[in-house]
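As they're listed, the protein sequences go chains A and B. First residue of the first sequence: 2, per the working numbering; consecutive thereafter. First residue of the second sequence: 121, per the working numbering; consecutive thereafter. Below is one structure; the comments refer to it alone.
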Amino acid sequence: MLLMTDVSKTYPGGNVALKEVNIHIQPGEFVFVVGPSGAGKSTFIKMLFREVLPTTGTILVNGVDILALKPREIPYMRRQLGIIFQDYRLLPDRTVYDNVAFAMQVIETPYRKIKRRVLNVLDLVGLRRRANSYPNELSGGEQQRIAIARAIVNDPLLVIADEPTGNLDPETGMEIMQIFSEINENGTTIVMATHDKDIVDSMGKRVVAIEKGRIVRDERNGVYGYES
Amino acid sequence: MSFASVSTVAVSLLVLGMFLLIFLNTNNLAKYLESQVQITVYMQDNANDKDLEAMSGKLKALPGVVSVKQVKKAEALNRFKERLGEQENLLSALGTENPFPNSFEVQVDVPERIKEIAPTIHQMPKVETAKFGQEVVEHLFSLTRILRFGGVVLVLFLSFATLFIISNTIRLTVFARRKEVVIMKYVGATDWFIRWPFLMEGMTLGFWGAVFAGAFVTIIYSMLLSKIYATLAFFPLLPTWPTMIYVDIFILFVGTAIGALGSFISLRKFLRV
């Protein structure tokens with residue numbers, strides 16, 4: 002699903018974010034990316050959807066070298082990904098339904114397919130009854146659930162989440178993780194950067210730890226391993 | 121798209137339209153002045169009526185000659201008398217003698233042709249001389265060249281200024297919706313899918329700005345024209361119609377095109393995600 006080979010990233014100004022990173026993620030895996038602030042987690046995550054390009058190395062997503070893509074091919078690569086951010090990034094002037102449907106309209110899905118699929122996904126995240134609400138009428142947990150619905154509505158192969166529970170209280174965070182588990186059980190690969198010790202320890206999934214730009218630990222059924 | 125942005129665009133297109141009219145009129149004036157240039161052919165005194173008639177035919181046969189007007193000795197004297205006005209009595213010194221030669225006034229289609237034709241005429245039999253005020257014409261031509269060139273430069277410059285204003289106006293609307301643009305990029309929208317609504321907005325903005333600008337320019341020009349004609353009846357200005365039709369079409373076209381181009385430019389930065 003994801004194969005990174007000798008990936009390094011030096012930002013202009015000489016700041017080294019990643020150094021010779023090698024990682025292989027199989028389809029259907031659930032991977033936590035952990036590490037102290039400034040270790041390179043964010044750079045790692047952003048490279049997966051080609052927001053940040055590595056200085057050297059290659060990145061294959063679903064067998065495609067995403068660095069060799071022509072600019073007009075990038076949108077089609079991103080359609081296979083679902084991206085979730087810490088700050089939800091919802092459109093405040095659109096309803097819950099429209100926020101999710103938006104992701105399908107953008108890739109020009111036929112109208113009749115959109116309605117059925119959006120309602121299904123809202124069911125999955127438990128927010129169908131809030132379909133006509135606006136994001137600012139909802140709690141943080143509910144907003145993140147909409148963001149998740151938007152990320153999975155197009156059936157991505159890989160879901161990338163950058164600190165999705167970072168703004169939520171522990172209980173709500175756990176509810177969000179429940180949704181991620183369900184998505185993962187349906188066969189979707191998930192890569193999630195997080196700072197949340199309880200979540201990582203309770204899930205018992207693969208843990209990749211990054212420190213000073215290098216992968217220092219990669220364990221199946223791993224734990225967070227830092228003081229939280 | 122607010123009233124403010126439409127009026128900003130309208131004002132800049134209005135200025136563009138006014139300068140276009142100034143340019144068109146300057147050009148027209150230049151053309152008019154050039155067309156006033158003519159060759160005056162003075163005949164020798166021994167040319168009789170037959171010679172003059174033959175000469176008239178020969179002149180008319182020259183390439184590019186539009187009209188040939190014969191000015192007889194007597195008429196030339198009369199014109200001179202008129203010009204002297206009250207000092208007519210100066211002529212009494214001449215007695216019954218008429219010192220003016222027979223002459224022809226030759227007008228050509230393209231002013232630039234004068235230089236070729238004048239020497240040819242000069243070679244014809246019984247011609248004393250063929251004059252066209254060389255230096256004046258040279259100056260006039262270089263002046264009209266400058267006016268035309270300056271006009272083109274000015275209109276181009278103002279088009280760029282308008283483009284700058286429109287792309288800045290649209291940058292604000294794009295900026296207000298930049299989150300939406302970024303999210304669209306993340307969920308895999310193609311650049312053109314994102315661009316279309318903004319291009320349409322830019323074009324609409326440019327179009328409505330142009331409609332207002334066109335209407336104002338038309339009103340201002342027709343009012344100005346009637347004011348000028350009231351005092352300078354024969355000043356060669358372009359008539360309101362059909363001139364304004366061309367100017368309005370130009371403004372509409374430029375406004376809409378610049379609106380699209382402006383959106384395109386201001387979006388570029390935001391699409392690089």
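Don't be surprised by glycine CBs; every beta carbon is placed ideally from N, CA and C.
Could you give the residue range of the alpha helix (DSSP H) that holds residue 67/A? Neither: residue 67/A is in no alpha helix (DSSP H) and is coded neither H nor E.
With DSSP as the reference, label residue 206/A as helix, strand or coil. If DSSP states are grouped into helix, strand and coil, residue 206/A belongs with coil.
Reduced DSSP secondary structure (H/G/I, E/B, other) of residue 170/A: Here residue 170/A carries a coil assignment [DSSP, helix/strand/coil].
Name the residue from 56/A, 182/A, 177/A whose alpha carbon lies nearest to the alpha carbon of residue 15/A. 56/A
Just the C-alpha distance for residue 331/B and residue 316/B, rounded to the nearest angstrom, thanks. 22 Å
With which residues is residue 1/A paired in a DSSP beta bridge? Since the first residue of chain A shown is 2 and the last is 229, residue 1/A is not available in this structure.
Taking beta-carbon pairs under 8 Å, can you tell me which members of the segment 295-309 of chain B lie near chain A? 299, 300, 302, 303, 304, 305, 306, 307, 308, 309
Under 8 Å (Cβ pairs) to chain B, residues found in the segment 103-122 of chain A: 103, 104, 107, 108, 109
In whole angstroms, what is the alpha-carbon distance linking residue 298/B and residue 383/B? 13 Å
Contact check, residue 154/B vs residue 231/B under 8 Å by CB: the rounded distance? 4 Å
Hey, how far is the Cα of residue 320/B from the Cα of residue 392/B? 20 Å
Residues that DSSP places opposite residue 16/A in a beta bridge: 12/A
To which residues does DSSP link residue 282/B through a beta bridge? None, per the DSSP bridge assignment.
Check whether the segment 95-111 of chain A touches the segment 299-316 of chain B, counting contact only when three or more Cβ pairs, one atom from each stretch, lie closer than 8 Å. Segments in contact, yes.
Could you give the residue range of the beta strand (DSSP E) that holds residue 159/B? 159-163
Interface residues of chain B facing residue 92/A [CB-CB closer than 8 Å]: Near residue 92/A (Cβ distances below 8 Å), the residues of chain B are 299, 300, 303.
Under three-state DSSP, which class holds residue 223/B? Looking at residue 223/B - three-state DSSP - the assignment turns out to be strand.
Cβ closer than 9 Å: which chain B residues qualify as neighbours of residue 77/A? 308, 310
Assign residue 218/A to one of three DSSP states: helix, strand, or coil. strand
Leaving out the 5 sequence neighbours to the left and right, which residues in its chain are closer than 7 Å to residue 223/B when beta-carbon positions are compared? 160, 161, 162, 163, 191, 196
Residue 73/A versus residue 313/B: straight-line alpha-carbon distance, rounded: Straight across, the Cα-Cα distance linking residue 73/A with residue 313/B is about 12 Å.
Nearest-angstrom Cα distance between residue 259/B and residue 268/B? 14 Å
Please list, in chain order, the chain B residues whose beta carbon lies closer than 8 Å to that of residue 80/A. 307, 308
What distance in whole Å lies between the Cβ atoms of residue 378/B and residue 334/B, which are believed to be in contact at a cut-off of 8 Å? The pair is not a contact, with the Cβ atoms about 14 Å apart (cut-off 8 Å).
Any beta strand (DSSP E) of 3 or more consecutive residues that is wholly inside the segment 177-237 of chain B: 185-191, 223-228
Residues bridged to residue 242/B (per DSSP): In DSSP, residue 242/B forms no bridge with anything.
Compare the C-alpha of residue 26/A against each of 20/A, 49/A, 39/A and name the closest. 49/A
C-alpha gap between residue 211/B and residue 363/B, whole angstroms: 49 Å
From residue 99/B to residue 177/B, what does the alpha carbon distance come to, in whole angstroms? Here chain B has residues from 121 to 393 only, and residue 99/B is not among them.
What's the gap between the Cα of residue 150/B and the Cα of residue 372/B? 27 Å
Determine whether the Cβ of residue 84/A lies closer than 7 Å to any Cβ atom of chain B. yes
Anyone know if the C-beta pair for residue 19/A and residue 32/A falls short of 7 Å? no
Spell out the partners DSSP gives residue 4/A in its beta bridges. 25/A, 61/A
I'd like to confirm the pairing. Which residues does DSSP put opposite residue 251/B in its beta bridges? BP columns for residue 251/B point to 160/B.
Option in 4/A, 41/A, 98/A, 45/A with minimal Cα separation from residue 65/A: Residue 65/A has its Cα closest to that of 4/A, out of 4/A, 41/A, 98/A, 45/A.
Tell me which residues share the same chain as residue 58/A and place their Cβ nearer than 7 Å to its Cβ, disregarding the 5 neighbours each side in the sequence. 5, 6, 7, 8, 9
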